[in-house]
Amino acid sequence: MYAASDKTASRAAVTVPRLRQMKAERQRIAALTAYDASFARALDACGVDVILVGDSLGMVIQGHGSTLPVTVDDIVYHSACVARGLKHALLIADMPFQSYATPERALDAAAAMLSIGGASMVKLEGAGALLDSISFLSERDIPVCAHLGLTPQSVLRLGGYKVQGREQAAAKKLLADARAVAEAGADLLVLECVPSALAAEITRELAIPTIGIGAGPDCDGQILVLHDLLGMNSGHRRPRFVKNFLEQGGSIDGAIRAYVEEVKSGAFPTSEHGYE
Ligand code: KIV
Numbered sequence: 024m025y026a027a028s029d030k031t032a033s034r035a036a037v038t039v040p041r042l043r044q045m046k047a048e049r050q051r052i053a054a055l056t057a058y059d060a061s062f063a064r065a066l067d068a069c070g071v072d073v074i075l076v077g078d079s080l081g082m083v084i085q086g087h088g089s090t091l092p093v094t095v096d097d098i099v100y101h102s103a104c105v106a107r108g109l110k111h112a113l114l115i116a117d118m119p120f121q122s123y124a125t126p127e128r129a130l131d132a133a134a135a136m137l138s139i140g141g142a143s144m145v146k147l148e149g150a151g152a153l154l155d156s157i158s159f160l161s162e163r164d165i166p167v168c169a170h171l172g173l174t175p176q177s178v179l180r181l182g183g184y185k186v187q188g189r190e191q192a193a194a195k196k197l198l199a200d201a202r203a204v205a206e207a208g209a210d211l212l213v214l215e216c217v218p219s220a221l222a223a224e225i226t227r228e229l230a231i232p233t234i235g236i237g238a239g240p241d242c243d244g245q246i247l248v249l250h251d252l253l254g255m256n257s258g259h260r261r262p263r264f265v266k267n268f269l270e271q272g273g274s275i276d277g278a279i280r281a282y283v284e285e286v287k288s289g290a291f292p293t294s295e296h297g298y299e
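Residue numbering for the sequence shown follows this note's numbering, starting at 24 and increasing by one per position.
Shown next as C-alpha cells:
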C-alpha cells in the first residue's frame, strides 16, 4: 500500500524534506521553469531538482505583457502536462494573481494544482495579508513556496519590474517578511531581484531554503525561466541575472546540464548577475 512510486527507481525523488536536507548539507538546488511534458522530461533527465510551472507562462507561452491574465485552469493544465514528464524533480505550481487573496480561495486553487495538476508544492507571492493563506495551506499539509522581492503580480503597484529592498527601510521590511513567511509555514522561499547581500543575510537566517533569481550567488538554490536559459527573445529587456546557457551547452540538453553544473558548483550566478 505504501510502496515507493517509480520516481524512486534510480535517482531519489526530490521531496520537501530533501530540500531542507540539501540546505543543511550545502548542496545547491537547481531549479528551472517548464510548461510542457517534453521540456519537463529533458530537465528531469539532466538533473534539475525543482521544476516550477510559473505564471511566467502568461508571458513566454501565451504572449501577454504581464503574468496577471494567467488563470488557475492555465496553471493546472500546464502542471499536469509537466507532471507527466517527471520522474525525480519536485514540481511546484504557481498560484495566479488573486487566486490566493483569501485562505479559502487559496485552498481551492492549491487543491486543484496538487490533485489534478500533480504538483507537490504551490508558490505564492507576498507576505502581510497573505500570511493567513500561507498558514491555512501549510496547516492543511499543502507545501508552500513563498516569493518575495520583485513580485511580478504586483507590477501595477510597483510601477515596473524593479529591484526591491535597496533602501534600508525596504531591506528591513523584506527581512521581516522573510521571517514571517517561514514562521507561517512556508517550506521554500524564492527571492527575486533583491540585493545580493540582503539575499545572503536572509539565506543565513532562515532554516528553509532560498532560491534566488537576480538575488546573487549566496542563495541555497537558483531558478531561471527556461526560455531565458535558452537565450530566446522574450520580447522584453533582458535582465542582468539571465545567462544564455545554449551558447556554451551547444544543445538543449547541453544547456540544461551546463546550468545544473554551474548552479551546483557555485559558478552561476556570479556577482555580475546580481544587484547591489
Ligand atoms: O513565474 C515564474 O516563472 C517565476 C519565477 C521567475 C521564479 O515566478
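Glycine included, C-beta positions come from ideal geometry on N, C-alpha and C.
These numbers come from a predicted model, not from an experiment.
Query raised in the report: Taking the continuous alpha helix (DSSP H) assigned at aspartate 96, which residues delimit it?
Result: Residue mapping note: residue 96 aligns to position 73 of the sequence shown, counting from 1. Run containing aspartate 96: 95-106, per the alpha helix (DSSP H) assignment.
Query raised in the report: Less than 7 Å separating the beta-carbons of glycine 289 and leucine 269?
Result: Indexing the sequence shown from 1 puts residue 289 at position 266. Indexing the sequence shown from 1 puts residue 269 at position 246. No, Cβ-Cβ distance for glycine 289 and leucine 269 is not below 7 Å.
Query - Cβ-based burial, alanine 96 [other Cβ within 10 Å; buried from 16] - result: Counted from its first residue, the sequence shown places residue 96 at position 73. In the sequence as displayed, the identity of residue 96 is aspartate instead of alanine. By the 10 Å Cβ count, aspartate 96 comes out exposed.
Requested in this report: Figure out for me which residue from Val204, Arg189, Ile84 and Ser102 has the closest Cα to the Cα of alanine 142.
Outcome: Residue numbering aside, residue 142 sits at position 119 when the sequence shown is read from its first letter. When each option's Cα is compared against that of alanine 142, the closest is Ser102.
Query - Rounded C-alpha distance that separates leucine 247 from valine 286 - result: Reading the sequence shown from its first residue, position 224 is the one you call residue 247. Reading the sequence shown from its first residue, position 263 is the one you call residue 286. Distance between the alpha carbons of leucine 247 and valine 286 is about 11 Å.
Requested in this report: Can you give me the Cβ contacts of cysteine 242 inside the same chain, cut-off strictly under 7 Å, excluding the 5 residues immediately before and after it?
Outcome: By 1-based counting over the sequence shown, the position of residue 242 is 219. Leu214, Ala222, Thr226, Thr233, Ile234 and Gly235, listed in sequence order.
Report task. Could you spell out where the alpha helix (DSSP H) holding glycine 81 opens and where it closes? Result -> For the purposes of this step, residue 81 is identified with residue 58 of the sequence shown, where counting begins at 1. Run containing glycine 81: 80-83, per the alpha helix (DSSP H) assignment.
Query - Given valine 99 as reference, the closest of Leu179, Leu154 and Val76 once Cα atoms are compared - result: Against the sequence shown, residue 99 aligns to sequence position 76. Checking every option, the nearest Cα to that of valine 99 belongs to Val76.
Report task. Could you spell out where the beta strand (DSSP E) holding leucine 211 opens and where it closes? Result -> Along the sequence shown, read from residue 1 onward, the residue named residue 211 stands at position 188. Residues 211-215.
Report task. Could you check the C-alpha separation between glycine 244 and glycine 70 for me, to the nearest Å? Result -> By 1-based counting over the sequence shown, the position of residue 244 is 221. By 1-based counting over the sequence shown, the position of residue 70 is 47. C-alpha separation (whole angstroms): 13 Å.
**Report entry** Same chain only: Cβ atoms within 8 Å of leucine 173, ignoring 5 sequence neighbours per side
**Finding:** Residue 173 sits at position 150 when you count from the first residue of the sequence shown. So the qualifying residues of the chain are Leu181, Tyr184, Lys185, Val186, Gln187, Glu215, Cys216, Val217 and Gly237.
Report task. Could you name the residues that DSSP lists as bridge partners for valine 167? Result -> The residue labelled residue 167 in the question sits at position 144 within the sequence shown. Its beta-bridge partners are Val145.
Query raised in the report: Would DSSP call leucine 55 helix, strand or coil?
Result: Residue 55 sits at position 32 when you count from the first residue of the sequence shown. Strand at leucine 55.
Query - Expected contact under 8 Å - CB spacing of proline 166 and methionine 136 to nearest Å - result: In the sequence shown, counting from the first residue as 1, residue 166 sits at position 143. In the sequence shown, counting from the first residue as 1, residue 136 sits at position 113. Between proline 166 and methionine 136, the beta carbon gap of about 11 Å keeps them out of contact (Cβ cut-off 8 Å).
Query raised in the report: Quick one: what does DSSP say valine 76 is sitting in, helix, strand or coil?
Result: The sequence position of residue 76 within the sequence shown is 53, counting from 1. Assigned with DSSP and collapsed to three states, valine 76 falls in strand.
Query raised in the report: Is any beta-carbon of chain C found at less than 7 Å from that of proline 92?
Result: Protein chain content of the structure displayed is limited to a single chain, and chain C is not contained in it.
Query - First through last residue of the beta strand (DSSP E) which encompasses alanine 116 - result: On the sequence shown, position 93 is the one that residue 116 refers to. Residues 113-117.
Query raised in the report: So leucine 211 packs on leucine 42, CB below 8 Å; how close in whole Å?
Result: Here residue 211 is taken as the residue at index 188 of the sequence shown, counted from 1. Here residue 42 is taken as the residue at index 19 of the sequence shown, counted from 1. Contact holds; Cβ gap of about 6 Å.
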